[in-house]
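For the sequence shown, position 136 matches number 136 in the UniProt record's numbering, and the numbering has no gaps at all.
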Amino acid sequence: WEFQAYLNNRSVSYTRDSTLFIKPQLMSDWKDEGFLTSGELNLWGMNGRGDVCTGNSYWGCDRVGNPTNLVNPIMSARLRSLSDFAFKYGRIEVRAQTPRGDWLWPAIWLLPRNWPYGGWPASGEIDIFESRGNDNYGTLGNTMAGSTLHWGPYWPLNFYDMTHKEYTGDFADNFHVWRLDWTSTDMKFYVDDVLQLTVDPVTNFWEYSGMDTSDSDNPWAAGEKMAPFDQKFYIIMNVAVGGTNGFFPDGIDPN
Numbered sequence: 001w002e003f004q005a006y007l008n009n010r011s012v013s014y015t016r017d018s019t020l021f022i023k024p025q026l027m028s029d030w031k032d033e034g035f036l037t038s039g040e041l042n043l044w045g046m047n048g049r050g051d052v053c054t055g056n057s058y059w060g061c062d063r064v065g066n067p068t069n070l071v072n073p074i075m076s077a078r079l080r081s082l083s084d085f086a087f088k089y090g091r092i093e094v095r096a097q098t099p100r101g102d103w104l105w106p107a108i109w110l111l112p113r114n115w116p117y118g119g120w121p122a123s124g125e126i127d128i129f130e131s132r133g134n135d136n137y138g139t140l141g142n143t144m145a146g147s148t149l150h151w152g153p154y155w156p157l158n159f160y161d162m163t164h165k166e167y168t169g170d171f172a173d174n175f176h177v178w179r180l181d182w183t184s185t186d187m188k189f190y191v192d193d194v195l196q197l198t199v200d201p202v203t204n205f206w207e208y209s210g211m212d213t214s215d216s217d218n219p220w221a222a223g224e225k226m227a228p229f230d231q232k233f234y235i236i237m238n239v240a241v242g243g244t245n246g247f248f249p250d251g252i253d254p255n
């Protein structure tokens, strides 16, 4: 659970001088403070252009605020190429400067277009990078970022910790180039041409995880070596804000 609602609104996502900006705003700047506790946020066609809502579960598309269950207090943007572009194998480069600010959660990542191996994480997720905007958040502040593959036969079994790398840099102060080289045999993640993470399952991800010694069914048995990463994925760019899913743990020593 996160605190933002993603809106198709030029106040939170726009381009200037050929650079894309995603800039979260307070919902009360758009409406007013009372809207959070009594207003209705309906994302279906809200811009008069037949806009669709992409997260209908748990009242994600139409929510009425009350004093104990507020309307999402933040507006932000999530851009995706689902209907326009998806790819299997190749290179993707992103030149970006991450935002500075408490509880900001920028990410550029990939999801499957067709989910051939089942729901998350069975069909995979590719996180080119994600980070946090906090200045005073110990080692988890805005000088740390990470690249990750999420994969596993079913939720909650997710072997992301086998394919995850964290690294440091002045990401909120300067632009950096993240790169993914994705082939039929391995995946390599770079920052400013420095290799940060190589993922080579050798035979396949089922054996790589150690699940070949279990009685569980292999959802990737009919796939290639890189299954579930042997299918078309589309691009997502977003800035989330806060949340209760553990990405911003409590009790962090700011020093």
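Heads up, the beta-carbon is just placed ideally off N, CA and C, and yes, glycines get one too. Here the structure is a predicted model, which means the values were calculated and not measured.
By the three-class DSSP mapping on this structure, what secondary structure does residue i have?
| i | result |
| --- | --- |
| Ile-90 | Checking the displayed sequence, the identity of residue 90 turns out to be Gly instead of Ile. Strand, per DSSP. |
| Tyr-137 | coil |
| residue 313 | This structure cannot speak to residue 313, because the chain is shown only from 1 to 255. |
| Thr-37 | helix |
| Asp-253 | coil |
| Ser-131 | strand |
| Trp-30 | helix |
| Tyr-117 | coil |
With a 10 Å radius around its C-beta and 16 neighbouring C-beta atoms as the bar for buried, classify residue i as buried or exposed.
| i | result |
| --- | --- |
| residue 302 | In the structure as shown, the chain starts at 1 and stops at 255, and residue 302 therefore has no counterpart that could be examined. |
| Asn-255 | exposed |
| Pro-121 | buried |
| Pro-67 | exposed |
| Thr-125 | Residue 125 is actually Glu in this sequence, not Thr. Flag for Glu-125 reads buried. |
| Val-64 | exposed |
| residue 256 | The chain is shown from 1 up to 255; residue 256 falls before or after that span and cannot be answered. |
| Phe-129 | buried |
| Ala-227 | buried |
| Arg-10 | exposed |
| Phe-175 | exposed |
| Leu-36 | buried |
| residue 258 | With the chain covering only 1 through 255, there is no way to say anything about residue 258. |
| Pro-24 | buried |
CB-CB under 7 Å to residue i, same chain, minus the five flanking residues each way: which ones, in chain order?
| i | result |
| --- | --- |
| Gly-141 | Arg-132, Asn-134 and Asp-135 |
| Phe-3 | Asn-72, Pro-73, Ile-74, Val-241, Gly-242 and Gly-243 |
| Trp-1 | Gly-243, Thr-244 and Asn-245 |
| His-164 | Gly-146 and Thr-148 |
| Tyr-234 | Arg-80, Ser-81, Leu-82, Phe-85, Ala-86, Leu-110, Leu-111 and Arg-113 |
| Trp-220 | Tyr-117, Asn-204, Phe-205, Trp-206, Ala-227 and Pro-228 |
Skipping 5 residues on each side, what residues in its chain have a beta carbon closer than 8 Å to that of residue i?
| i | result |
| --- | --- |
| Ile-252 | Tyr-137, Gly-138 and Leu-140 |
| Phe-21 | Ser-13, Tyr-14 and Thr-15 |
Going by beta carbon distance, what residues of the same chain come within less than 6 Å of residue i, once the five residues before and after it are set aside?
| i | result |
| --- | --- |
| residue 288 | No information on residue 288 is available, as it lies outside the stretch 1 to 255 that the chain covers here. |
| Met-237 | Leu-79 and Ile-108 |
| Asp-230 | Gly-223 and Glu-224 |
| Asp-200 | Asp-186 |
| Arg-179 | Glu-93 and Tyr-190 |
As an exercise, report each continuous alpha helix (DSSP H) stretch of at least 4 residues that is fully enclosed by the stretch 170 to 251, in chain order. Qualifying alpha helix (DSSP H) stretches, in chain order: 205 to 209.
Mind the definition here: the stretch 242 to 251 touches the stretch 186 to 201 only if three or more C-beta pairs lie below 8 Å; say whether that holds. The stretch 242 to 251, when compared against the stretch 186 to 201, does not touch it at the 8 Å Cβ threshold.
Which runs of the beta strand (DSSP E), 3 residues or longer, sit entirely within the stretch 41 to 88? 62 to 64, 74 to 76 and 78 to 80
Cβ pair count under 8 Å reaching 3, the stretch 182 to 194 against the stretch 78 to 92: Two segments are said to touch when three or more pairs of C-beta atoms, one from each, lie closer than 8 Å; by this definition the stretch 182 to 194 touches the stretch 78 to 92.
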